[in-house]
Amino acid sequence: MREQWGSGLGFVLAGIGSAVGLGNIWRFAYVAGENGGGAFLLVYLLVVAALGVPLVVAELAIGKRGGADAATAFASLAPRSPWRHAGWLGIAGAGLILSYYAVIAGWALRFVALALSGRLWEVPAGGFAAGFGAFIADPLAPLLWQGAMMLAAMLVVAGGIARGIERVNLWLMPLLALIVVGLAAYALSLPGAAGGVAFLFRPDWAAVLRPGVIMDALGQAFFSIGIGMAVYVTYGGYMRPEHPVPLSALIIVVADTGFAIVAGLAIFPAVFAMGGDPAAGPELAFITLPQIFLAMPGGRVVGSVFFLLLAAAALTSMVSLLEVPVAAVMHRWRIQRTAAVALTGGAILLAGVPAALGYGVLAGVTILGAPILEGVDRLVSNLLLPLAGLTVAVFFGWIVPRGEAPALAELEGRPGGAALLWMLRYLAPLLIAGLMLRLLLGAPLPGDG
Ligand code: PHE
193 MREQWGSGLG FVLAGIGSAV GLGNIWRFAY VAGENGGGAF LLVYLLVVAA
243 LGVPLVVAEL AIGKRGGADA ATAFASLAPR SPWRHAGWLG IAGAGLILSY
293 YAVIAGWALR FVALALSGRL WEVPAGGFAA GFGAFIADPL APLLWQGAMM
343 LAAMLVVAGG IARGIERVNL WLMPLLALIV VGLAAYALSL PGAAGGVAFL
393 FRPDWAAVLR PGVIMDALGQ AFFSIGIGMA VYVTYGGYMR PEHPVPLSAL
443 IIVVADTGFA IVAGLAIFPA VFAMGGDPAA GPELAFITLP QIFLAMPGGR
493 VVGSVFFLLL AAAALTSMVS LLEVPVAAVM HRWRIQRTAA VALTGGAILL
543 AGVPAALGYG VLAGVTILGA PILEGVDRLV SNLLLPLAGL TVAVFFGWIV
593 PRGEAPALAE LEGRPGGAAL LWMLRYLAPL LIAGLMLRLL LGAPLPGDG
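Under our numbering, the very last position in the sequence shown is 641; numbers go up by exactly one each time.
Structure representation (structure tokens):
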């Protein structure tokens, strides 16, 4: 029998748990930092409203109708068209993201362990940058932490939808909300915090006009919400008839965006108060912040809580990414959930090994001039996620029979329903295709400066 969410609240919290992750804390902070703070935030909010909400509505609608895994869901809406295979893009993509996401989640877990044992606060020889560099270059340690996080995610997913995934999110998500609000309140109380607030909110118009900013905002929005990776199709498959599609999508997207902003209010005021560099890049969370925690009054407690937040938020996202291929494998091969978890989880763990070793043993291998993990992440957010989002928009806007779409999205006769469908049919494809074309025609990749 088909599994179902125990409650509407549990379902929405699981959706928020998928959306809220490293993307909101680790990635949002450094991408915003690199793109001029407030300027980026503005473009980001526009992308989220115009594309994020409609795409999550479409994914949930496809999943809710399909009532099974993502591959089946797409196929059931377009049984005789080549589009019936469209679900596999998200399924493969979820596995790919999880492969390197688990590595970063492992770093976060190691920092939790270091903070709790007190060893994080002994400045390593050569400073925090050297200490972190030595850790990620180690041939074994990153693999062990990556494996630990994968194992945790596998245990949760093996528990099933209501008793595994939903239960963990019911506990963790309210806790994470409390933690991030507490951290922000503390950071805002530090002398000098105002600089960080201004950085996050004051738009720098020159930066807004840089075309790379829009692509960065799109990539970040798609990554942070988790669009195109069939997570919402898969989670939508477990919805009960009475769980509403549009409202759930809206709550998930608003919560994800709110979480990123509050996390920014926890990070930037602290960075400014302590004289750090807000544009430090991917190392912001792992090198800059520990220095700041060390210098900050009460920083040891704040730092431990911060890394706990990072690891727990990563876990609930990993769980959603793992459920996507697990559901597909379970249904296609007709095997038990535990067997599907062991097979897919094991395969994805192996696939992530190169990313984990990319700063040490495999440092010679680069993708787009960056270490494996960062190169794959860039390909994912600038190519795979836009492509997958485009696929969902075109599928829902053009392939699903026109008369059926409003009913599927539960938008018949609702204010805003027509606008939302218009955005899926026209705005999303044109905007995404335009940005991708520009990229493929040789404009510098965002992040190249
Ligand atoms: N949204 C998650 C984050 O912000 C990552 C993710 C991407 C989850 C794609 C699901 C699908 O960290």
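Just so it is clear, CB atoms sit at the ideal spot from N, CA and C, and this is done for glycine as well.
Note that the structure is predicted; figures quoted are calculated from it, not measured.
Hey, how far is the Cα of residue i from the Cα of residue j?
i    : j    : result
M628 : F415 : 16 Å
W590 : A270 : 11 Å
G639 : V572 : Any reading at G639 must be qualified, since the residue scores a pLDDT of 47, below 50, and its modelled position is unreliable; the value itself is stated next. So the two alpha carbons sit approximately 13 Å from each other.
A379 : P395 : 21 Å
G411 : V240 : 11 Å
A333 : T558 : 21 Å
I419 : L347 : 24 Å
L370 : A531 : 36 Å
V245 : F393 : 22 Å
A350 : F220 : 30 Å
P366 : V204 : 12 Å
F485 : L336 : 25 Å
G318 : V463 : 21 Å
L368 : A344 : 18 Å
D330 : L549 : 8 Å
L632 : A377 : 43 Å
V645 : L501 : The structure shown does not extend to residue 645, since the chain spans only 193 to 641, so no value can be given for it.
A465 : G388 : 8 Å
L308 : A399 : 40 Å
G325 : Y551 : 8 Å
L306 : R276 : 48 Å
V511 : I453 : 23 Å
F460 : P383 : 13 Å
A447 : L616 : 22 Å
A386 : S210 : 31 Å
A278 : T264 : 10 Å
A555 : V568 : 14 Å
E358 : K256 : 17 Å
I406 : R630 : 12 Å
A260 : T426 : 7 Å
T449 : L237 : 8 Å
Q483 : F320 : 7 Å
Which same chain residues end up closer than 6 Å to residue i when comparing Cβ atoms and leaving out the 5 residues on each side of it in sequence?
i    : result
L243 : A620
G643 : Limits of the chain in this structure are 193 at one end and 641 at the other, which puts residue 643 out of reach.
G641 : With a pLDDT of 38 at G641, under the threshold of 50, the modelled position of this residue cannot be trusted; read the value that follows with caution. Closer than 6 Å at the Cβ level, and outside the excluded window around G641, lies no residue.
A455 : N216, I217, V372
L541 : M342
R302 : W337
V304 : F499, L500, A503
G229 : F391, L392
V521 : A532, T536
By Cβ distance below 8 Å, which residues in the same chain neighbour residue i in space, the five residues on each side in sequence not counted?
i    : result
A625 : L582
Give me the residue from the options with the minimum Cα distance to residue i.
i    : options                : result
G490 : S381, V389, G538, H435 : S381
A191 : G556, L633, L476       : With the chain represented from 193 up to 641, any question about residue 191 goes unanswered, as that position is not in the structure.
V249 : A398, L238, A611       : A611
G429 : L502, M615, P578, L252 : L252
G544 : I564, M522, G228, I527 : I564
R524 : A262, V223, W363       : A262
R402 : F232, A585, E604       : F232
A297 : A224, M421, A601, A506 : A506
V235 : V516, I417, A409       : A409
G537 : I527, Q483, L514       : L514
R311 : P546, S291, I254, S496 : S496
G356 : G202, A294, G213       : G202
Taking the beta carbon of residue i as the centre, do at least 16 other beta carbons fall within 10 Å, making it buried, or is it exposed?
i    : result
P470 : buried
Q338 : buried
I208 : buried
Y618 : exposed
A322 : exposed
V360 : buried
L622 : exposed
R606 : exposed
P438 : buried
P274 : exposed
P578 : buried
F327 : buried
P593 : exposed
G467 : exposed
V423 : buried
L560 : exposed
A599 : exposed
Spatial neighbours of residue i within its chain, please: C-beta separation below 7 Å, excluding the five flanking residues on both sides.
i    : result
R432 : Q196, W197
G352 : E195, R529
A441 : V245, V248, V249, L252
A562 : R570
L290 : M510, L513, L514, I540
W313 : L486, R492
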